[in-house]
Structures are given as C-alpha cells and as structure tokens.
Amino acid sequence: MDQQLLVFVTVADRQNFSRAAEELHMTQPAVSQYILSLERAVGTKLLERSNKYVRLNKAGEIVYHHAREILGLYTRMQSLVDDLMNTPSGHLTIGASYTYGEYVLPHVIARMRQHYPLITPTITIHNSTVITELVANRQLDVGIVEGEFLQEKMCVEPFADDRMYLIVSPAHPLAKKEEVNVSELLDETWIVREEGSGTREAAEKMFRMLQIQPKKQMEFGSTQVIKEAVEAGLGISLLSYWAIRKERKLGTLCTLKVAGTPVTRDFSLVTKTKEFHTKALDIFMDLIRTHLPEGTYM
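This is the structure in structure tokens:
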C-alpha cells in the first residue's frame, strides 16, 4: 500500500503520468497499474485524466491529504529506527518565519553542518501561520515562528525574545530627533507585512499599545522589500533587530526612539505533541535554543 500511495502522491504533485514515472524511475504502464490498484482498493476513481492534464477529484483530494501524512509517518518511523543504531544523520525538514529564517537560521544550519555533516536539512521559509500549519500536517519536522501561538496538538516552546524597532530612512525628518512623540507618527505611511506574519502581528500589537490607527498603509510580503522601501523613503516600519542590524551599522536605516518601543515578541519552536524525535531533530533544536547570544541588542 505504501508504494501505491507514493506513486499516487507523485502523480498528483506532477499532474502527469510520464513525469511521475521518470521521477520514480518506473515505466509509465507500471505507474498506471499502481494507480488502478489503489483505486480498486479504495473503491472509486481518484483522478480526472485527459490528454492535457491529470487532476485530483474530490475523493482523490481526501486520499492525497491522508497519503502525504501516512508517507511522512513511514519516513519518520524509519528514521527513528535508524537512529537507534547510527550516529545522527538523515533528512530534516525545517520551516521558519521570514525574520528568523532569513537572518538567523543560516548561521544555525552552518553550525549543524560543521559538527553533524550527515544531517541533511531542507528549509522552507514562509510566514508564521503557514509554517505552523505545515508542522501540524507533518510536512515539516519542526518550525520556528514569531509571536504568540496556541495550537491544539502542537508543542510551542519559546526559546528567545526578539526586539522590534521603528525604522526610517536617514533622510526622513524624524531620523534627526532624539525622541519622537506618538502624535508625530499619525500621518506617516506605515509599511507592514501580510496577514499571518509574526511581524504584522507585532505591528498590530504596537498600534493598539500606542493607540494609533494608521491612515496610510502599504503591505508587502517580504521583509527585504520593506527595508528597501523604507530606505527609499516610502514610509516607516517596525522590524526585528536581526533584520536591520547590518543596515543600521551601515547607516542606511535609522531607528526611532518612541515611548513603548522596542516591541518584544517571542521566537518559538513548534513541533507536533507526543511525537518521537530523531537524534537529528533533537540536535537541531538544542542548537536553536543556544544560538542567539544575549546582550546583543541596541
């Protein structure tokens, strides 16, 4: 059954029998036979087929969702058994929110690869909400997210705090002020991340705390684009220390001193509850817990 599920998921992902056969190193007739066998076992057709496309039908969507989870469990089971006999090794799927994933995680991965070269990581970067969902669906072994998360059947472990600062271009009139009054922020254009982002959540928290209702707001799906936009003078934003530390040293971004800032939030590890951990996962999580040095903030 596991081979049938693997073939089915590959066909669904590639939406093509020939490409699936090539990826699986099988003949196309063999792929077709596996799909037919699975459909007979389930008792219904799972795919809509034509000369132009292969698509999941409603039954196929149900089987696909559970097949991905079952295959993930097979992989995890084999990894755990291998761990009993071998040094830390194997594949590790890691997800991270943009701030941590783009500015901190590469240094953690470098340390892990230096000391544990047999562990092979695959990295997914997305906003915190999506990363949490991927861990919940067992598409990721572990996630690193920002902000506050309470998820059923999920283990959320805060491991470090993150301080977030208001930033402007050095050419902005507020950049030259020693301290900025909240009233001076009311007419500014605020550049924020998309809904579901931990950075957006922190910005909304700050707006509530300072009792600000932005009149002008621009939304971008990337921290890097926000930094470029602020440097270009398009507006002001709230970003993590880790995202802006290089630009601040170079003088291309300035931080504002405003009562109630910096805004503090958590970085958290997210895993499924009651799941066995591989040695590779435990090693990675220990590296995460000990990586961020204290006393480095502005």
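Residue numbers (our numbering): 9 to 306. Positions of the beta carbon are idealized from the N, C-alpha and C atoms, including for glycine. Quantities reported herein were computed from a predicted structural model and do not represent experimental measurements.
- Counting other Cβ atoms within 10 Å of its Cβ, residue 284 stays below 16 and is therefore classed as exposed.
- Between the region 62-76 and the region 13-26 there are three or more inter-stretch CB-CB distances shorter than 8 Å, so the stretches are counted as touching.
- Nearest in C-alpha terms to residue 173, of all of 299, 138, 250, is 250.
- Spatial neighbours of residue 187 in its own chain (CB-CB distance under 7 Å, excluding positions within 5 residues in sequence) are listed in chain order as 265.
- Inclusion of residue 261 and residue 238 in the CB contact set at 8 Å is warranted, their separation being smaller than that value.
- Boundaries cannot be given for residue 190, as no beta strand (DSSP E) includes it and DSSP labels it neither H nor E.
- In the displayed model, residue 26 falls within a helix according to three-state DSSP.
- Beta-bridge partners assigned by DSSP to residue 151: 103, 278.
- Annotation: residue 268 to residue 31 spans about 54 Å, alpha carbon to alpha carbon.
- Rounded to whole angstroms, the gap between the alpha carbons of residue 212 and residue 295 is 31 Å.
- A straight-line Cα-Cα distance of about 17 Å links residue 130 and residue 123.
- Distance from the CA of residue 50 to the CA of residue 143, rounded to the nearest whole angstrom, comes to 27 Å.
- Secondary structure of residue 224 (DSSP, three-state): strand.
- Burial state of residue 126 is exposed, judged by a 10 Å Cβ sphere holding fewer than 16 other Cβ atoms.
- Here residue 138 has 204 as same chain residues with Cβ atoms under 7 Å from its own Cβ, once five neighbours each way along the sequence are excluded.
- Excluding residues up to 5 positions away in sequence, 42 lie with their Cβ nearer than 8 Å to the Cβ of residue 11 in the same chain.
- By the C-beta density criterion, residue 151 is buried, having at least 16 other C-beta atoms within 10 angstroms.
- The beta carbons of residue 231 and residue 132 sit no closer together than 8 Å.
- Counting only the Cα atoms, residue 298 lies some 36 Å from residue 219.
- Residue 80 places its beta carbon 8 Å or farther from that of residue 153.
- Under the 10 Å beta carbon count, residue 196 is surrounded by 16 or more other beta carbons and is classified as buried.
- Counting along the chain, residue 114 sits inside the alpha helix (DSSP H) bounded by residues 113-123.
- Below 8 Å, too few C-beta pairs join the region 106-120 and the region 175-187 to call them touching: fewer than three.
- Membership of residue 56 in any alpha helix (DSSP H) is not indicated; the residue belongs instead to the beta strand (DSSP E) covering 55-57.
- Listed as beta-bridge partners of residue 173 by DSSP are 247.
- Per DSSP, residue 126 lies in no alpha helix (DSSP H) segment and is marked neither H nor E.
- Where residue 200 is concerned, the enclosing beta strand (DSSP E) starts and stops at 197-200.
- Distance from residue 208 to residue 229 at the Cβ level is roughly 10 Å; contact not present, criterion being Cβ atoms closer than 8 Å.
- Excluding five sequence positions before and after residue 286, the CB atoms of its chain that fall closer than 7 Å to its own CB belong to 87, 88, 91, 98, given in chain order.
- Residues of the same chain with a CB within less than 8 Å of the CB of residue 77, apart from the 5 flanking positions on each side, are 145, 146 in chain order.
- Of the other Cβ atoms in all chains shown, fewer than 16 fall within 10 Å of the Cβ of residue 38; this residue is therefore exposed.
- Following the DSSP letters along the chain, one finds residue 46 inside the alpha helix (DSSP H) bounded by residues 36-50.
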